[in-house]
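K.L.:
Quick one: this structure, given as structure tokens, is what I'll be asking you about.
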């Protein structure tokens, strides 16, 4: 019993220090929402940090690959994961924050490839599809019995396979895929035909901050985040962050409305 209590205390200290008042979070580079860049780390990154700082908490955010981020949170090595989509399976393990952003999940193909997609997932059964490990596409996609799906460590790796012709399609977040195609050095250096987004989209997902339900500080963290988001929306700090990322009035209003929707 003493050993177990000691282990729980050590896990707690890894994710939250009561003396420094620091929350330790983890995520994956997921631009433009979350960017592993000190100067401009992404608007969702900044919203989370600003919200928690308004509650007199410091924040440390580690960037790693997605599967590892989820494991760190499940093992209580980090208190929360930023940018998680909702699934029934995850909801059994994690507590979800209110949504911070929306993202479109799409299929991408090479411009010179002939792909027939009717909107039904059954029309994709002739093709090989790549996606990131533990990435969420949609509940229907995850449980489809006939799709040929391979996984990689990241969307960048999946796009690399697509460019080299080793898969027919990539399933992933549109905003993130377009960002990487324009800004990732590895992808830019590859000689390839244009990559195109296929319509209709597979799904639209919400980005949340999640905490393991059995983490001893889960409820405390979620309360800090919720109250902090209320604070920065009310005092105008959230709007300032969005404008720093060149959001126009319509985009800003949509994000602020999403944040405010679930406030009591």
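Residue numbers (this note's numbering): 809 to 1072.
C-beta atoms are modelled at their ideal positions from N, C-alpha and C, and glycine is treated no differently.
Values in this document were obtained by computation on a predicted structure and should not be read as measured data.
Short of 7 Å in beta carbon distance, which residues of its chain neighbour residue 907, apart from the five on each side in sequence? Order them along the chain.
P.N.:
The residues 1014, 1015, 1016 and 1066, in chain order, have a CB closer than 7 Å to that of residue 907 in the same chain once the five nearest residues on each side in sequence are set aside.
K.L.:
Going by the CB atoms, is the gap between residue 963 and residue 940 shorter than 8 Å?
P.N.:
yes
K.L.:
Taking the C-alpha atoms as reference points, what is the distance between residue 885 and residue 1022?
P.N.:
12 Å
K.L.:
Rounded to whole angstroms, what is the Cα-Cα separation between residue 918 and residue 1038?
P.N.:
43 Å
K.L.:
Which word fits residue 1052, buried or exposed, when buried means at least 16 other C-beta atoms lie within 10 angstroms of its C-beta?
P.N.:
exposed
K.L.:
Could you spell out the range, first to last residue, of the beta strand (DSSP E) harbouring residue 1045?
P.N.:
Unbroken run through residue 1045 is the alpha helix (DSSP H), 1045-1052; no beta strand (DSSP E).
K.L.:
What residue from 851, 915 and 1026 has the CA that sits closest to residue 1008's CA?
P.N.:
915
K.L.:
Beta-carbon within less than 6 Å of residue 867's beta-carbon, same chain only, minus the 5 sequence neighbours each way: which residues are those?
P.N.:
831, 857 and 860
K.L.:
Where DSSP assigns a beta bridge to residue 1016, which residues make up the other side?
P.N.:
892
K.L.:
With DSSP run on the structure shown, which of helix, strand or coil describes residue 1072?
P.N.:
coil
K.L.:
My output table needs one value for residue 919: the three-state DSSP class, helix, strand or coil.
P.N.:
coil
K.L.:
Would you report the Cα separation of residue 902 and residue 891, rounded to the nearest angstrom?
P.N.:
Note on geometry: alpha-carbon atoms of residue 902 and residue 891 lie some 13 Å from one another.
K.L.:
Kindly indicate the opening and closing residues of the beta strand (DSSP E) around residue 870.
P.N.:
866-871
K.L.:
CB-CB under 8 Å to residue 846, same chain, minus the five flanking residues each way: which ones, in chain order?
P.N.:
none
K.L.:
Compute the beta-carbon to beta-carbon distance between residue 869 and residue 896, rounded to the nearest angstrom, for a pair I have assumed lies under 8 Å.
P.N.:
The pair is not a contact, with the Cβ atoms about 27 Å apart (cut-off 8 Å).
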